[in-house]
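Heads up, the thing below is written out as C-alpha cells.
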Amino acid sequence: MKTFTERALDALSRARTPHAVAGALEALPPDEGRVREVLLEKYTALTAEGPRRDPGCFMRSALLSGLIGRASAFDTPLLEAALWTYEFIPPNEVAKGLRASALLVLGELDDELAGYHAVRLLGDRHTSPMSGEPAVTAARLLAAQHQVLPLYQRLTLPGTASEVAAECLHALEGAPASLIRRLAEQYGGASDGLVLLALVDLLSGHAQAAVLAQALLSVVERCPDLDVVRYAAMTVVAGRKSELIDALRKRASLEGPRGELVREALSLLPA
Numbered sequence: 001m002k003t004f005t006e007r008a009l010d011a012l013s014r015a016r017t018p019h020a021v022a023g024a025l026e027a028l029p030p031d032e033g034r035v036r037e038v039l040l041e042k043y044t045a046l047t048a049e050g051p052r053r054d055p056g057c058f059m060r061s062a063l064l065s066g067l068i069g070r071a072s073a074f075d076t077p078l079l080e081a082a083l084w085t086y087e088f089i090p091p092n093e094v095a096k097g098l099r100a101s102a103l104l105v106l107g108e109l110d111d112e113l114a115g116y117h118a119v120r121l122l123g124d125r126h127t128s129p130m131s132g133e134p135a136v137t138a139a140r141l142l143a144a145q146h147q148v149l150p151l152y153q154r155l156t157l158p159g160t161a162s163e164v165a166a167e168c169l170h171a172l173e174g175a176p177a178s179l180i181r182r183l184a185e186q187y188g189g190a191s192d193g194l195v196l197l198a199l200v201d202l203l204s205g206h207a208q209a210a211v212l213a214q215a216l217l218s219v220v221e222r223c224p225d226l227d228v229v230r231y232a233a234m235t236v237v238a239g240r241k242s243e244l245i246d247a248l249r250k251r252a253s254l255e256g257p258r259g260e261l262v263r264e265a266l267s268l269l270p271a
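1 is the number of the first residue of the sequence shown in the working numbering; add one for each residue after it.
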C-alpha cells in the first residue's frame, strides 16, 4: 500500500491545473526530495511544447513556485531561461507570472545573479498594468537586498505601474529628505490610493520626518480620497512625533469631512 507521501507525489505528477499543483504541494513535507524531481520533469515537458500545452504559462508558473525552498544550484540555467521567456496571446504578453516565479526561486540560489535580473525586470516593458508583475517581485527582491538606487530611478521615470511605484516608495525610508520631497511633489497628486498610502508611510517613517512634515500634511489638505486622508491623519497620531502632530493640529480647522477626520485622529491623543 502506498504511503501518504507517495500518494501526494502521484497527485503532483498527475496535476493538470495550478490549483491541483498547489494542493499536492501542500500535502507534501517540505524536505521531501522527490518533489523537486517531479516538478522539474513536469516543467521540462511543458516547456518543450511551449504555449500549446500551457497557454498563459499558469502551470509552469505554479511548478516553478513549487521549487521555492526546494531548488538546487543545478536549476539555475532552467530558471534563467524562464526569466527570458516571453510568450504572447495577442494582444497580451502572458509569461509575466513565470518570470516573477523564476526570480523568486533564483533569489534563494544566487543573490547576485537574481539582483541583475531584478534590475532588468524592474523596467520590463511587458509589466502587467494590473498586477505590476514581474516588476513588483523585482522591486521586493531589490529592496530585500538594500539595492535602493534602481528603485529610486524607477520612480523618476514615467509610466511606472501603481503597484511597482508603491513597492519602490516603501523601500526608500533611508533616502535623502531632499529627494523624498521631490518624489512627494511627483506622486502627491496621484489618483491611485495604493501609491498615496505608500507615500504617507514613507514620509511619516522617514528619519527626517519633521523636515518632510509639509509634504505629508499636504496629503491631508489636498488628497481627494478621504480614506487616504484618514490614514494620513491616523498615521501621524500613531507615530507620536511631536513636530508632525503640531503640524496636524494646524489643520484641525479644515472645513468639511477632511477637517472632521483630522479632529477625529487628534481626539485619540492622550489628554
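Even for Gly, the Cβ is constructed at its ideal location relative to N, Cα and C. Note that the structure is a prediction, hence the values are computed from the model and not measured.
Item                                                                                                                                                                     : Value
To the nearest angstrom, how far is it from the Cα of Gly23 to the Cα of Ala252?                                                                                         : 52 Å
According to DSSP, is Glu167 helix, strand or coil?                                                                                                                      : helix
On a CA-only basis, which of Leu244, Met234, Ser218, Glu185 is nearest Gln208? Give me that one, please.                                                                 : Leu244
In chain order, what residues of the same chain have a beta carbon less than 6 Å from the beta carbon of Ala215, not counting five sequence neighbours either side?      : Arg181, Ala184, Leu203
If you run the structure through DSSP and keep just helix, strand and coil, what is Glu93?                                                                               : strand
Leu64 and Val105 - do their beta-carbons sit closer together than 8 Å?                                                                                                   : yes
Less than 8 Å between C-beta atoms, sequence neighbours within five positions excluded: which residues of the same chain meet that for Pro18?                            : Phe58, Met59, Ser61, Ala62
Figure out for me which residue from Glu221, Val228, Gly256 has the closest Cα to the Cα of Leu248.                                                                      : Glu221
Alpha carbons only, please: which of Asp192, Tyr86, Val237 is nearest the one belonging to Thr127?                                                                       : Tyr86
Relative to the C-alpha of Asp124, which candidate in Gly107, Val94, Val148, Leu109 has its C-alpha closest?                                                             : Val94
What's the call for Ser72, buried or exposed, on a 16-neighbour Cβ count within 10 Å?                                                                                    : exposed
Could you tell me the distance, in whole angstroms, from the CA atom of Gly107 to the CA atom of Val136?                                                                 : 14 Å
Along the alpha helix (DSSP H) that carries Arg125, what are the first and last residues, could you check?                                                               : Counting along the chain, Arg125 falls outside any alpha helix (DSSP H), and DSSP gives it neither H nor E.
Enumerate in chain order the residues of its own chain whose CB-to-CB distance from Asp225 is below 7 Å, with the five nearest sequence positions on each side excluded. : Gly193, Leu196
Determine the closest residue to Leu121 out of Gly33, Trp84, Met130, Pro91, with distance taken between C-alpha atoms.                                                   : Trp84
Tell me Phe88's beta-bridge partners as DSSP assigns them.                                                                                                               : Glu93
Since Asp201 is in the alpha helix (DSSP H), which residue starts that stretch and which ends it?                                                                        : 193-205
Report the residue from Leu79, Ala143, Gln145 whose alpha carbon sits nearest the alpha carbon of Gly97.                                                                 : Leu79
Between which two residues does the alpha helix (DSSP H) holding Lys250 run?                                                                                             : Neither: Lys250 is in no alpha helix (DSSP H) and is coded neither H nor E.
How big is the Cα-Cα spacing for Ala27 and Glu41?                                                                                                                        : 19 Å
From what residue to what residue does the alpha helix (DSSP H) around Phe58 run?                                                                                        : 58-65
How about Gly189 and Val164: are their beta carbons less than 8 Å apart?                                                                                                 : no
What's the C-alpha gap between Leu268 and Pro257?                                                                                                                        : 17 Å
Would you mind working out which of Ser101, Leu199, Ala161 sits nearest Leu172, comparing C-alpha positions?                                                             : Leu199
Measure from the alpha carbon of Leu155 to the alpha carbon of each residue in Leu169, Leu25, Pro77, then state which is nearest.                                        : Leu169
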